[in-house]
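All remarks here apply to the structure that follows.
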Amino acid sequence: MFPKKTQNCQLEIGQLIERATLLLATNSSSPRLDAEVLMAELVHCPRSTVMAFPERTLSQSIGDAFQTLVELRAKGVSIAHLTGHKEFYSLDLKVSSDTLVPRPETEMLVDRVLSQTVPLQAASILDLGTGCGAIALAVKQQRPNCRVVALDLSLEALRIAAENGCQLGLEIEWLCSRWLTSLGNCSFDFIVSNPPYVEREGVHLLSQELSYEPRLALDGGTDGLDSIREIIASIPNVMATGGMVFLEHGHQQALAVSKLLQEAGFSGVKTENDLAGYNRVTLGNWL
Ligand code: GLN
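The following block contains the structure:
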C-alpha cells in the first residue's frame, strides 16, 4: 500500500531518493533510476507512483530498509539481486545469488531460435547452463509446441529456474548435469548456451560488478573458453541432422569459437553482433 501523506515525519520519499541518488552517483551510471526502482520495490508501487508523490512519507522501518538497500547498491550489488527479479524477453524472472542476472544481449539467443522456427513448430531445444531459466522459458513461451530441455550444474540455480517455470506456467524439462554428461540418448534441433566465458585472471571477473554473481556461471578458465570447448566437443553427439547451435561468448572470442565449431564439423559458421556492436553470438549448422 502506498504510504499516505502525514504531518511531522522526516522521511519524505522525494528527500530519501535525492539523498540516495547522491550516495549512488559515484558507483552507478543511473543513480536516480536505481534509487527510484529500489523505493518502488519497497513500497510495492510502480516507479511512476513513487515519482509522482515525492511528498509522501515513510515509516522509520521502511526508511531503514531503503537505506540498507541503497548501501548494498553502493557496494555494487545489482538492482536485480536486490529486488530478486529481472525482466528478460518481457518475462519477469526470479533471480538469486545462485544465478547470473540475465543480460539484454542474451535475448539475441532467443531471437535467433525464434527466427529459425515458426510459432506452432514442434522442434526440440536444449539450453545448456540455464541459470534462472531465462533462455529456455523465453523460447518456450514463444514456441509452446517445442520440447525444451534445460540443464545446469547448479541445483540451486535449477530450483530458481523451476520456480520461474511454475510461476509462468511453462513446462520445461529441467536437468541437473555438467553439460551433456547426464543427458541420455537424444537429439535436438537447436542447442543454445550462454556458458561461463569470462577469463579467470582477467580484470572483468575481478570487477565489483561481477563479484555478487556466481563464479560458476562466469568463470571460463584461463582463456575463458574451457566450457565452450567442452560444449562444442560433446554436442555433435546430440545434434539432429539439419540442427543449429547458437553460443554466446565474449567479444574477443568470436574467432576462437568459430574455429572450434568448424573443427567439430559445423558448417555455415558465422558470428553476429549485439546491439552495442560487439561480437556476441556464433552459430553453426549441423548437416
Ligand atoms: N556477459 C557476462 C559478463 O560479461 C558474462 C556471462 C557469461 O560468462 N556467460 O558480465
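First residue of the sequence shown: 4, per this note's numbering; consecutive thereafter.
Quick reminder that beta carbons are idealized off the backbone N, C-alpha and C, glycines included.
Remember, it's a predicted structure, so these values are computed and weren't measured experimentally.
DSSP three-state call for residue i: helix, strand or coil?
i: Ser99; result: coil
i: Val175; result: According to the sequence displayed, residue 175 carries Ile and not Val. The answer is coil: DSSP assigns Ile175 none of H, G, I, E or B.
i: Ser190; result: coil
i: Thr52; result: helix
i: Asn282; result: strand
i: Cys12; result: Note that Cys12 scores a pLDDT of 49, beneath 50, so its modelled location is shaky; the value from the coordinates is reported in the next line. Reduced to three states, the DSSP call for Cys12 is coil.
i: Thr120; result: coil
i: Thr60; result: strand
i: Val195; result: strand
i: Ser261; result: helix
i: Cys135; result: coil
i: Asn167; result: helix
i: His47; result: coil
i: Gly66; result: helix
i: Leu161; result: helix
i: Lys78; result: coil
Enumerate in chain order the residues of its own chain whose CB-to-CB distance from residue i is below 6 Å, with the five nearest sequence positions on each side excluded.
i: Ser127; result: Arg150, Phe191 and Asp192
i: Thr29; result: none
i: Leu178; result: Leu154
i: Ala23; result: Ala38 and Val73
i: Ala160; result: Asp101, Thr102 and Gly134
i: Leu156; result: Arg181
Measure the C-alpha to C-alpha separation of residue i and residue j and round it to an integer number of angstroms.
i: Thr43; j: Leu26; result: According to the sequence displayed, residue 43 carries Ala and not Thr. About 18 Å.
i: Gln264; j: Val80; result: Here residue 264 turns out to be Leu, not Gln, going by the sequence shown. Distance between the alpha carbons of Leu264 and Val80 is about 36 Å.
i: Ala267; j: Leu221; result: 24 Å
i: Ser51; j: Gly66; result: 19 Å
i: Val116; j: Ser100; result: 28 Å
i: Thr274; j: Met247; result: 13 Å
i: Phe2; j: Pro217; result: Because the chain spans 4 through 290 in this model, residue 2 falls outside it and cannot be assessed.
i: Glu108; j: Ser180; result: 25 Å
i: Ile34; j: Val241; result: Residue identity differs from the one stated: residue 34 is Pro in this sequence, not Ile. Approximately 46 Å, taken between the alpha carbons.
i: Gly187; j: Val152; result: 12 Å
i: Thr86; j: Leu41; result: 7 Å
i: Arg59; j: Glu15; result: 6 Å
i: Leu129; j: Met111; result: 16 Å
i: Gln63; j: Leu209; result: 36 Å
i: Ile163; j: Tyr200; result: 22 Å
i: Thr184; j: Tyr281; result: 32 Å
i: Ala165; j: Leu219; result: 19 Å
Who are the near neighbours of residue i in its chain, counting only those whose CB is closer than 8 Å to its CB and skipping five residues on each side?
i: Leu290; result: Thr244, Gly245 and Ser270
i: Leu171; result: Leu94, Leu140 and Gln144
i: Glu204; result: Thr225
i: Met54; result: Glu39
Could you tell me which residues DSSP puts in a beta bridge with residue i?
i: Trp289; result: Gly246
i: Ala153; result: Asp130 and Trp177
i: Val201; result: Asp222
i: Lys89; result: Leu96
i: Asn276; result: Asn282
i: Val206; result: Partner(s): none; Val206 has no beta bridge.
i: Glu251; result: Val284
i: Ser351; result: Only positions 4 to 290 of the chain appear in this structure, which leaves residue 351 out of reach.
i: Ser270; result: Asn288
Can you tell me whether residue i is buried or exposed, with buried defined as 16 or more other CB within 10 angstroms of its CB?
i: Cys189; result: exposed
i: Gln10; result: The predicted position of Gln10 is uncertain, since its pLDDT is 48 and thus under 50; no value can be drawn from it.
i: Leu251; result: The amino acid occupying residue 251 in the given sequence is Glu; Leu does not appear at that position. Glu251 should be labelled buried.
i: Ala137; result: buried
i: His84; result: buried
i: Leu278; result: exposed
i: Ala125; result: exposed
i: Ile211; result: The identity of residue 211 in the sequence shown is Gln, whereas the question assumes Ile. Exposed, because fewer than 16 other Cβ atoms sit within 10 Å of the Cβ of Gln211.
i: Thr120; result: buried
i: Glu202; result: buried
i: Val46; result: buried
i: Leu228; result: buried
Ordered along the chain, which non-local residues of its own chain (more than five positions away) have a Cβ less than 7 Å from that of residue i?
i: Leu131; result: Leu154, Trp182, Ile194, Ser196, Pro198 and Ile234
i: Gln18; result: none
i: Tyr215; result: Gly79, Val80, Ser81, His84 and Ser100
i: Lys89; result: Ala83, Leu96, Val98, Val104 and Pro105
i: Val260; result: Ile231, Leu250, His252 and Thr285
i: Pro122; result: Arg146
i: Val113; result: Tyr92, Ile138, Ala141 and Val142
i: Ala77; result: Leu26, Leu27 and Asn30
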